[in-house]
Structure formats: C-alpha cells, structure tokens
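Novice: Per my numbering, the very first residue in the sequence shown carries number -11; after that it's consecutive.
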Amino acid sequence: MPTKRQAERHRENQIWRSAMIRNEAEYQEASARLADERRRLAEHRARLKEAGLGEEDIKRVIDPMESFHLQLKEEVESYERLKRGEFEELENFRGFGHLLISLRIAKGMSQRELAKRLAVHESQISRDERNEYFGITLERAVKILDALNVRLHTKVEIEPPRAMAIA
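#1: Between the Cα of Arg69 and those of Arg92, Phe56, His109 and Asp51, spot the shortest distance and give me the residue it belongs to.
#2: Put Pro148 into one of helix, strand or coil per three-state DSSP.
#3: Applying the criterion that 16 or more other CB atoms from any shown protein chain within 10 Å of the CB defines a buried residue, is Asp116 buried or exposed?
#4: Does Glu79 come out as helix, strand or coil in the three-state DSSP assignment?
#5: Helix, strand or coil for His141? Go by DSSP, reduced to three states.
#6: Since Arg28 is in the alpha helix (DSSP H), which residue starts that stretch and which ends it?
#7: From Glu127 to Val108, what does the alpha carbon distance come to, in whole angstroms?
#8: Please state whether the Cβ-Cβ distance between Leu136 and Leu78 is less than 9 Å.
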C-alpha cells in the first residue's frame, strides 16, 4: 500500500499529465469540443486579421488557444489509437495503470462490463481508472488482466552495473 506522501506525489503528478479519454461518451464530447475549438480558432484568427493585426501579433494571441486545441487533439487521437489496439511499450511497470485502462478501451469494454466481470461496483473501476490504478496489488492486476482476457508478456534485460562516480 502506498504511503500518504507517495499518494500526494502521485496526485501532484496527475495535474501535469494530459487528461485521458476513458470511454465513448468522453470521446464524443472531446470530438465535439475539438470541432468547436477549430471553428472558434478560425473565427478568432479572421477577426484579428480584420482588426489589422499582423501575423506575429495574431500568432502571439492565438498560440495559447492553439496549445489547448493541440492537447485536446492529441487526447482524441490517443483514444483512437487505443481503439485500434496500438499501445506504447511499458518499461519497469511505469504507466502500468494507464496500460490497464488502454487495454479495456482496446477491448471495447465499458467500465460497467469490467466491474461486472470483477464483481465490484462500477464506481470502483471509475475511481481506480481516475487514479490510474495507483497502488494496485499484483493480485488485483492479474484479476483485471484475466477479466480483460489479456496476456501480458515481459522481457527482462539485465543491464551491466554502472560505474560509480568518485567525488
């Protein structure tokens, strides 16, 4: 079980991570927001041009909005990749919780269905996914993988010892 400080650090790190689309409803909402943002950006750019602003000034005004737009676009594209079964590699179990969520999405399984297969309440799955399964036990991870009907293979590479720096 993680310590209180580890849990606090995990929550702090979550603030800096981009949001993850976890279900079809969130995907539809994000896609609609993306289309709205694209339209708003174009309209705003046109108004700024009409107001006589130069390209450099327009870029300075639009950049923050465009940054949000690009982040949202990446979230949508990431969800679409997961639906196609495209995953990032996992190293030393970093991102394992994210992988579990990704696997559920790729399998086309809802949180409700996974909860039913695990004999837990749907809110438990939602909470676990919101926290990216932080502090999950190995036993629980195996149950989730089994419920998803997924086999996880590992490859172990033992690196040579690093030379210690002499101070």
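Glycine included, every Cβ here is placed at the ideal spot set by N, Cα and C. Here the structure is a predicted model, which is why all the values come from computation and not from measurement.
Specialist: Inspection of the coordinates gives the following:
#1: Arg92
#2: coil
#3: buried
#4: Looking at Glu79 - three-state DSSP - the assignment turns out to be strand.
#5: coil
#6: Glu12 to Glu38
#7: 15 Å
#8: no
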